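Colleague: One structure follows; several queries about it will come next.
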Amino acid sequence: MSLPILTIVTFLPLAGAIWLLFINGEKQEKIKRIALVIAIGDFILSLPLFFKFRLDTSEFQFVEKVSWIKEFGISYYVGIDGISLFLFLLTSFLTLICILASWNIKDRIKEYMIAMLVLETGMLGVFVSLDLFLFYVFWELMLIPMYLIIGVWGGPRRIYATIKFFIYTMAGSVLMLVAIIVIYFMNQKATGEYTFDLLKIYNLDIPMGAQFWLFLAFFFAFAIKVPMFPFHTWLPDAHVEAPTAGSVILAGVLLKMGTYGFVRFSLPMFPYASHQFVPLIAWLAIAGIIYGALVAMVQEDLKKLVAYSSVSHLGFVMLGIFVFNIQGMEGGILQMINHGLSTGALFLLVGMIYERRHTRMIADFGGLTKKMPIFAIFFMIITLSSIGLPGLNGFVGEFLVLVGVFKSNVVYAVLAATGVVLSACYMLWMFQRVMFNKLTNPENKKLKDIDKREWALLLPITILVFWIGIYPKPLISRMDASVNHLLNQVDEKYKVTLNRLKIEKKEVEYAVKEEKSAEHTIEVD
Amino acid sequence: MPYFFGCSYLDLIGYVLLFPLAGTVINGFLGKKLNKAIVGIVGCTAIGLSFIVSFFVFIDLLKLAPEHRVFEKDYFTWIGSGAFEAIAGLQVDPLSVIMILVVSGVGFLIHVYSVGYMHDDDGFYRYFTYLNLFTFSMLLLVLANNFLLMFIGWEGVGLCSYLLIGFWFEKKSASDAGMKAFIVNRVGDFGFILAIMLIFVTFNTIDFTDVFHAAPEHLQTGSFIATMITLLLFVGAVGKSAQIPLYTWLPDAMEGPTPVSALIHAATMVTAGVYMVVRCNVLYTLSPFSLTVVAVIGGATALFAATIGLAQNDIKRVLAYSTVSQIGYMFLACGVGAYITGIFHLVTHAFFKALLFLGSGSVIHGLGGEQDMRKMGGLKKYMPTTHTTFLIGTLAIAGIPPFAGFFSKDEILLDAFTKGSLLLWGLGAFAALLTAFYMFRLLFMTFYGKSNMTKHVEEHVHESPMSILIPLLVLALLSILGGFIGFPTASAINSFLAPVIGGGHHSMADGGNLHHVSNSLMFSMMGISTGIAIVGILLAYLMYIKQPDLPAKIVGKFKLIYKIIYNKYYVDEIYDATIVKPTVKTSFILWKIVDVKIIDGFVNAVARIVELKSEVLKLFQTGYVRNYALSILLGGVIIIVCSLVLL
Amino acid sequence: MLAGLLFIIMGLITIVCALCVVFQKNPIYSAIFLIQTMVSLAVLYVLLHAQFIAAIQVMVYAGAIMVLFVFVIMLLNLNKTDVEGDYDKLLFQKPSAIILGFILVVMIGVVTLNTVFQGTQGEYTPESISQIGNTQLVGKMLFTKYVFPFEIASILLFAAVLGAIILAKKQIIKDKEV
Amino acid sequence: MILLTWYLILSGVLFTIGAVGVLIRRNAIVIFMCIELMLNAVNLAFVTFARQLNSMDGQIFVFFIMTVAAAEAAVGLAIIIAIYRNKATVNVDNINLMKW
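Chains as they are written, first to last, in my numbering: chain A, 705 to 1229; chain B, 10 to 656; chain C, 2 to 179; chain D, 5 to 104.
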């Protein structure tokens, strides 16, 4: 590929944002159209990645590498494999949806669209970076627009929520930065080369003790982002206060950064520590699944309910990643996509009724199906997808994760599977209270069904929901090579460490024995 | 249809699924704009065509030699990840053919019936969409060639059941019942999905043929894994087929439209559990313990539900409990190893229970929505056809020869006696007595005696239209004749299904249940069960026709027992108090205390500590520029002093 | 000797006046004392053979700039001690500033007295300057070596004039609009 | 050359007095005058060094400083007037918003 497609897709939104800077803020329609066109263009440009993606190789594809800051070994190095491909596409897709979903924002639309587009560049950059430094730059870059989107266009408690979100995430990522720098110097010591190149760092053999601490540093950064129980409390607040599009992006893409980070960085760089941490992570993930579901059940605010359901769903993803087999890993990655689609859509749906009624309290609704039949159909489909009904997308990911988990540990699988029952409880109970029963609240009698723009938002997602549910092969087959490669890589490195551990142990034992025999001889003498 | 010529009808098996799916899509997308007649025609035609294809498939299958009657067609790989592979493929064998015939046949009749029954409803197109989707899912369930695809159908029918129970969603009780059904089913599915995973981990495949081939070699009889797999599968079956302890959703499911109750909650979906157990008979045979569990739960449910049926006054609820009870019979049969008998009863039950439900629907329709039997009575003269068909259905379920129920139920009792134990037989026999009693109680209270209808209702009472009556008549005919496919000495169904049982490993004779039993025992058992049924009928006659004040007296005598039975043993209340309420309460505690107070409290406490420290540091930040300038001077002085001291 | 005596007298006057600038409550008094400070500084410049600087010190500083200050004080009617009258919220500001100032003076004294200032000697001894004339020399340097900064200074002044006008004028228009 | 050292000390004393004045006064105009005082102290130092090194450059610098001081005075006083118009005060403690 001579065309630097990844760079174009990644930076087109940023260019668009700069273009928007020069447009008079009064011309709202024009600004919205330009933003939309850029998002559509970006999405279309990202599609060739899917079609031209080669299934037969586990190497990174569409790679571009340019030296950036030579003195420090920092390069602009991007590329995608089967793991990041779909997250990349999901990002460009959801941003498009989000820009369309923000059509009714009146306040500072120019700044809003600029934030959105910059955010897109940041998110896309995170998924394609193959240079630790570059990755960190994008990682922080996406934080700022999100902070602004929640903080400026959010709900009444937005300042609290946004600061909590920002500081929480920052606290984690600072630890990660420290760890990155440590790895950088370790690599230099081992190879004599200053480099942030991820692929070179993959080959670095980090001592066990260091692995432990480095893993922990990365773990905090990613676990907060996922968010894993008990680091999740920023999520409900941020979701509740964020504007609709903010919630969609937050749930759809930003949460995936954490899980993606585990797959891309933690596992291959610290295989030994990853294995050591499995019990902790598995139990936290299971706690998250059950806890998130239970807490979601009793929420009174729709957005909070969906937010807690995310905690539950992401628990599945984490569990899938940390069982180290192909079903679990592929299920986990698929589940990331599924969660992005269905939870994103749920937030869109909640946003739609919020726009009409200016409330998100479940108790304020009831019987909406009568007034909004088409909305009800979409809501039902997305609800079912979130529950994991077979034939829809949620099931495929969830089931693969469960199979993977079952293969490695039955107890985990049984506990995680209770989430399947609980998710039905809270989602359907919510659905019943919102959509069914008699329409009693007079406010709700004036509700209008969804319009064309909202159709355009929901239909593509629904199609994807069905597609992934019925024929997920195009997705899974693209993951196969990369996931297999990753698992092998982790496995090999893990075994190397284990062997060394055994040898050391033997040496120690041998030494002890020698000492003893020496003592013995002395005694004899 | 020249396209079809030349190729075997078996190849067309996909069309069995395609027609209902097409119906769903057409009605779902265009239904709102089409008029009701077209919606009805589309809905019925879809299922009708499906039935026709099923029939040709059946004929084609019959042409094959009995041991080659398995046909598989794979369409595409649905999920493939590593060693795990789930293929979207269909399997046609005698078992699935019987099931698709029943499902599409009875389904077609009920669709036709629905056109008349639902004619005045606003959600007409929605109703047919759901109903077609249901039929699709059910056919998928029985045609699937692997566990996971079966699970799609399994969940799909659950979804449709949810949607159709809550069809009148504005009624709180209806939407509650729908949700209850889905969630209780999910509890069962929890077991099912674990079973699928265990099967995959054990056999490395989830394909029916492969699993059943591998099972006898892989697993020893009575081994732990076999028991676990079968028990977990059975948990799924218990949920779907409304057995103890997960039966509570089915009576509530009667909130849905009556044809739905007939199709989903009597004839087809609820029997999916039985189908699944029979499908996995190879596995069950490997685990005697599981079989015992199945038999005991089946028998216990049969009796338990029958007792509740005694004291219910809602016509549909009585039928619902009788459904639970009859499915208990089927599991009883499976549990003693008489899988074919279970399927036989499933088929006959589908006929007569659909008939009974549709009959009750006809009554409810005629009475303008009244369901309380105490407000009926003497309907015979107003609704003669309905009465006749209903009587046939009642005789069939009570087990009076030569109606369908007699043959199947008698066979179950015989199997329970010969292969099971006296206890199981006792459970079944007593349940049969109760069944005969409460069914005739229902019949008498509804159609005989004096009218208890309100004036308003009585004026409007009318016989139902033809679209309702024709399905009734067809089903009545089936209820009369259906039993003969399993006529004791020359059982067609036995020999037809025999290859399915034992996966070809066991001898054919094992499938032919009755061959071991001496004729004398067989006929005496027949006599006994007929006798039991007649006793039940006479009792009902005595209490509800001869001496109508007798029931009240008996109730007066056994007040406590009556109250307990009337309130369905308070099972719903117990579940509510022990599971639902504590869960919700725990969740509230988790949210309000653990989440908000402890975790978030900790987070905020960290912030608070930082803030407190900053309060101290804040004193240096006065906000006055000259104060900052002072700091500059201070800094300057310090630098000068330092440089002086150091240099 | 005369120069030394003059330096002591003028130096003392300068310091006293400077202190008065700082410690007078009334700003107009401060301004007057500042003028005196500048004039006495001009005398010191003469002592240092910088006659031109001394002249413009009196004309530009003591004359033009300080007149501006006095104008502004009068324009704002700040003869009252309204600003400083109320109690200082920063309790330690004044004492610590004075103490620090004292330390600073001591330090400067120590440093200056202990340092021998060295540097390459230029060509302009007081004798050579008086031969050519101080003003001529300054003029020559301004238009040769420092011509660029000189032009920049002119732009700066121009900008300052414009800035001052705009800052004052904008407000007037606004007032009119109100 | 001892005399010149005392010029420098005088310059330092003046500078310090100016600095202290900036720190302890709250009237913006007086603060401004104290700044002028500090500028003058620097000027004195420049001239002194020019004298000591037999150079004219120091005097040229003083010339430029005066130019800048003039410009600064014009703009600074204009700002003070503008502030006074808006806030009716020249107390720097009350002028603590960058935007109003």
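Glycine included, every Cβ here is placed at the ideal spot set by N, Cα and C.
Please read these numbers as outputs of a predicted model, since none were measured by experiment.
So, under 8 Å CB-CB, Thr310/B and Ile253/B are touching, yes? Tell me the CB distance rounded to an integer number of Å.
Modeller: Your numbering for residue 310/B matches position 301 in the second sequence. Your numbering for residue 253/B matches position 244 in the second sequence. Rounded, the Cβ-Cβ distance is 5 Å, consistent with contact.
Colleague: Which term fits Phe889/A, buried or exposed, when burial requires 16 or more other beta carbons within 10 angstroms of its beta carbon?
Modeller: As a working note, residue 889/A is residue 185 in the first sequence. Burial call: exposed.
Colleague: Taking 8 Å as the limit between beta carbons, can you name the residues of its chain near Leu295/B, skipping five residues before and five after?
Modeller: The residue you call residue 295/B lines up with position 286 of the second sequence. Here the set comprises Ala224, Pro225, Leu228, Gln229, Thr230, Gly231, Ser232, Ala235 and Thr239.
Colleague: What residues from chain C crowd round Cys649/B, counting only those whose CB sits closer than 7 Å?
Modeller: Numbered from 1 along the second sequence, position 640 holds the residue referred to as residue 649/B. In the sequence under discussion, the amino acid at residue 649/B is Ile, which differs from the Cys named in the question. In chain order: Met108.
Colleague: As a quick exercise: from Leu823/A, Val1194/A and Glu768/A, pick the residue whose alpha carbon is nearest that of Ala739/A.
Modeller: Working through the first sequence from its first residue, we reach residue 739/A at position 35. The shortest Cα separation from Ala739/A among Leu823/A, Val1194/A and Glu768/A belongs to Leu823/A.
Colleague: Thinking C-alpha only, which one of Tyr84/B, Ile324/B and Gln335/B is nearest Leu367/B?
Modeller: Counting from one through the second sequence, the residue named residue 367/B turns up at place 358. That would be Ile324/B, whose Cα lies nearest to the Cα of Leu367/B.
Colleague: Span of the beta strand (DSSP E) holding Thr86/B?
Modeller: On the second sequence, residue 86/B is found 77 positions in, with the first residue counted as 1. Taken as a continuous stretch (DSSP letters only), the beta strand (DSSP E) holding Thr86/B covers Phe80 to Ser90.
Colleague: Would DSSP call Ile778/A helix, strand or coil?
Modeller: For this step, residue 778/A is matched to residue 74 along the first sequence. If DSSP states are grouped into helix, strand and coil, Ile778/A belongs with the strands.
Colleague: Tell me which residues share the same chain as Val94/D and place their Cβ nearer than 8 Å to its Cβ, disregarding the 5 neighbours each side in the sequence.
Modeller: In the fourth sequence, counting from the first residue as 1, residue 94/D sits at position 90. These residues qualify, in order along the chain: Asn31, Ala32, Ile33, Ile84, Ile87 and Tyr88.
Colleague: Please report the distance separating the alpha-carbon of Phe117/B from that of Leu300/B.
Modeller: Position 108 of the second sequence, counting from 1, holds the residue named residue 117/B. Position 291 of the second sequence, counting from 1, holds the residue named residue 300/B. Answer to the nearest angstrom: the Cα atoms are 34 Å apart.
Colleague: Tell me, please, which residues DSSP counts as bridged to Gly98/B.
Modeller: Stepping through the second sequence from its first residue, residue 98/B is reached at position 89. DSSP, once it has assigned bridges, lists Asp83/B as partnering Gly98/B.
Colleague: Quick check on the DSSP output: what are the complete alpha helix (DSSP H) runs of length 4 or more inside the region 754 to 840 of chain A, in order along the chain?
Modeller: Listed in chain order, the complete alpha helix (DSSP H) runs (minimum 4 residues) inside the region 754 to 840 of chain A are 788 to 805 and 813 to 832.
Colleague: Closer than 8 Å, CB to CB, is Leu101/D near chain B or not?
Modeller: Position 97 of the fourth sequence holds residue 101/D. By this cut-off, Leu101/D is not an interface position.
Colleague: Measuring only the C-alpha atoms, how far is Lys769/A from Phe969/A?
Modeller: The residue labelled residue 769/A in the question sits at position 65 within the first sequence. The residue labelled residue 969/A in the question sits at position 265 within the first sequence. Taking the straight line joining both Cα atoms gives about 19 Å.
Colleague: What separation, rounded to the nearest whole angstrom, lies between the Cα atoms of Trp434/B and Gln100/B?
Modeller: Numbered from 1 along the second sequence, position 425 holds the residue referred to as residue 434/B. Numbered from 1 along the second sequence, position 91 holds the residue referred to as residue 100/B. In a straight line, the C-alpha of Trp434/B is about 35 Å away from that of Gln100/B.
Colleague: Would you check if there are 3 or more beta carbon pairs closer than 8 Å linking the region 367 to 382 of chain B to the region 390 to 405 of chain B?
Modeller: Touching, yes.
Colleague: In chain D, which residues lie less than 7 Å from Ala638/B when you measure between Cβ atoms?
Modeller: Locating residue 638/B in the second sequence gives position 629, counting from the first residue. Result: Val26 and Leu27.
Colleague: Starting from the beta carbon of Ala49/D, find every residue of chain C whose beta carbon is closer than 7 Å, and list them in chain order.
Modeller: Position 45 of the fourth sequence holds residue 49/D. Here the premise fails: no neighbours, minimum Cβ distance about 10 Å.
Colleague: With H, G and I counted as helix, E and B as strand and the rest as coil, what does DSSP make of Ala365/B?
Modeller: Numbered from 1 along the second sequence, position 356 holds the residue referred to as residue 365/B. The displayed chain sequence assigns Leu, not Ala, to residue 365/B. If DSSP states are grouped into helix, strand and coil, Leu365/B belongs with the helices.
Colleague: With a floor of 3 residues, list each beta strand (DSSP E) that falls wholly inside the region 996 to 1021 of chain A, ordered by position along the chain.
Modeller: Runs of the beta strand (DSSP E) inside the region 996 to 1021 of chain A: none found.
Colleague: Is the Cβ of Leu45/C closer than 8 Å to any Cβ of chain D?
Modeller: One-based indexing of the third sequence puts residue 45/C at position 44. Judged by the 8 Å Cβ criterion, Leu45/C is in contact with chain D.
Colleague: Using a 10 Å radius around the Cβ and a threshold of 16 neighbouring Cβ atoms, would you call Tyr1116/A buried or exposed?
Modeller: As a working note, residue 1116/A is residue 412 in the first sequence. Buried.
Colleague: Whose C-beta lies closer than 7 Å to the C-beta of Ile813/A among residues of the same chain, with five residues either side of it excluded?
Modeller: Here residue 813/A refers to the residue found at position 109 of the first sequence. Closer than 7 Å at Cβ, skipping near neighbours: Gln732, Ile735 and Lys736.
Colleague: Quick check: the region 32 to 46 of chain C against the region 112 to 124 of chain C, are at least 3 beta-carbon pairs closer than 8 Å?
Modeller: No, they do not touch.
Colleague: Which class does Leu1096/A belong to by DSSP, given the choice of helix, strand or coil?
Modeller: Taking the first residue of the first sequence as position 1, residue 1096/A is located at position 392. Strand, per DSSP.
Colleague: What does Ala98/C reach in chain B if we use C-beta pairs closer than 8 Å?
Modeller: On the third sequence, residue 98/C is found 97 positions in, with the first residue counted as 1. Within 8 Å Cβ-Cβ: Leu639 and Leu642.
Colleague: Are the C-beta atoms of Leu105/C and some chain B residue less than 8 Å apart?
Modeller: On the third sequence, residue 105/C is found 104 positions in, with the first residue counted as 1. Yes, Leu105/C lies at the interface with chain B (some Cβ there is under 8 Å from its Cβ).
Colleague: Taking Cβ positions, are Ile853/A and Gly950/A nearer each other than 8 Å?
Modeller: In the first sequence, the residue the question calls residue 853/A occupies position 149. In the first sequence, the residue the question calls residue 950/A occupies position 246. Yes.
Colleague: My output table needs one value for Asn100/D: the three-state DSSP class, helix, strand or coil.
Modeller: In the fourth sequence, counting from the first residue as 1, residue 100/D sits at position 96. Here Asn100/D sits in coil by DSSP.
Colleague: Residues of the region 88 to 100 of chain D with a CB closer than 7 Å to any CB of chain B: list them in chain order, please.
Modeller: Per Cβ criterion, the list reads Val96, Asp97 and Asn100.
Colleague: Does DSSP put Ala153/B in a helix, in a strand, or in coil?
Modeller: On the second sequence, residue 153/B is found 144 positions in, with the first residue counted as 1. The answer is strand: DSSP assigns Ala153/B an E or B state.
Colleague: Would you list the residues sitting across from Met392/B in a DSSP beta bridge?
Modeller: By 1-based counting over the second sequence, the position of residue 392/B is 383. BP columns for Met392/B are empty, so no partner.
Colleague: For Gly876/A and Met1040/A, I'd like the C-alpha separation in whole angstroms.
Modeller: Translated into positions along the first sequence, residue 876/A becomes position 172. Translated into positions along the first sequence, residue 1040/A becomes position 336. Using only the alpha carbons, I get a separation of about 21 Å.
Colleague: Let me know the secondary structure DSSP gives Leu523/B once reduced to three states.
Modeller: Translated into the one-based positions of the second sequence, residue 523/B becomes position 514. Only weak support is given to the placement of Leu523/B: the predicted model assigns it a pLDDT of 45, under 50, and the value that follows is read from those uncertain coordinates. The answer is helix: DSSP assigns Leu523/B an H, G or I state.
Colleague: With a threshold of 6 Å on Cβ separation, who are the neighbours of Tyr12/B within its own chain once the five nearest residues in sequence on each side are excluded?
Modeller: Here residue 12/B refers to the residue found at position 3 of the second sequence. Here the model assigns Tyr12/B a pLDDT of 46, short of 50, so the residue's position is not dependable and the matter cannot be decided.
Colleague: Nearest by alpha-carbon distance to Ala445/B: which of Phe456/B, Gly414/B, Phe532/B and Arg288/B is it?
Modeller: Translated into positions along the second sequence, residue 445/B becomes position 436. It is Gly414/B.
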